[in-house]
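Step one of this worksheet: look at the structure below.
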Amino acid sequence: MTEKNPWRFGPTRGELWFWLWFSTGGLALMLFALFLRGLPTGPAIVEIGLMSVLLFGYLGGRSIKRLARREHP
20 MTEKNPWRFG PTRGELWFWL WFSTGGLALM LFALFLRGLP TGPAIVEIGL
70 MSVLLFGYLG GRSIKRLARR EHP
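As structure tokens, this is what we get:
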């Protein structure tokens, strides 16, 4: 019983690849919007810059880490 996969309930390899591409696409769209419209002023910079980088950065980083360590069923 000790040989069970500890990640058997985690996201599969395909899901991790999906989240990696989703986060890469989200960051690319954010950079495109910033290039097209310029940097926002005021509190919008927190929403556009910080929140999107945190969300997409976390999803991409987590996917890369789990794929590299083979932490998937």
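Everything in the sequence shown is counted per the working numbering, starting at 20 for the first residue and increasing by one. We treat Cβ as the ideally placed atom computed from N, Cα and C, and that holds for glycine. Quick caveat: nothing in here was measured; it's all calculated off a predicted structure.
Pick from the options that is closest to residue i, judged by C-alpha positions
| i | options | result |
| --- | --- | --- |
| L73 | T43, G29, K23 | T43 |
| G68 | F28, L50, G33 | L50 |
| L46 | I83, G76, A87, L86 | G76 |
| L86 | E22, R32, F37, R27 | R32 |
| K84 | E22, R27, L35 | L35 |
Whether residue i touches residue j by CB criterion (8 Å)
| i | j | result |
| --- | --- | --- |
| P30 | H91 | yes |
| G12 | L39 | Because residue 12 is not part of the residues shown, which for the chain are 20 to 92, the question remains open. |
Cutoff 8 Å: residue i Cβ touching any chain B Cβ
| i | result |
| --- | --- |
| L50 | Reference to chain B is not applicable here, since this structure consists of a single protein chain. |
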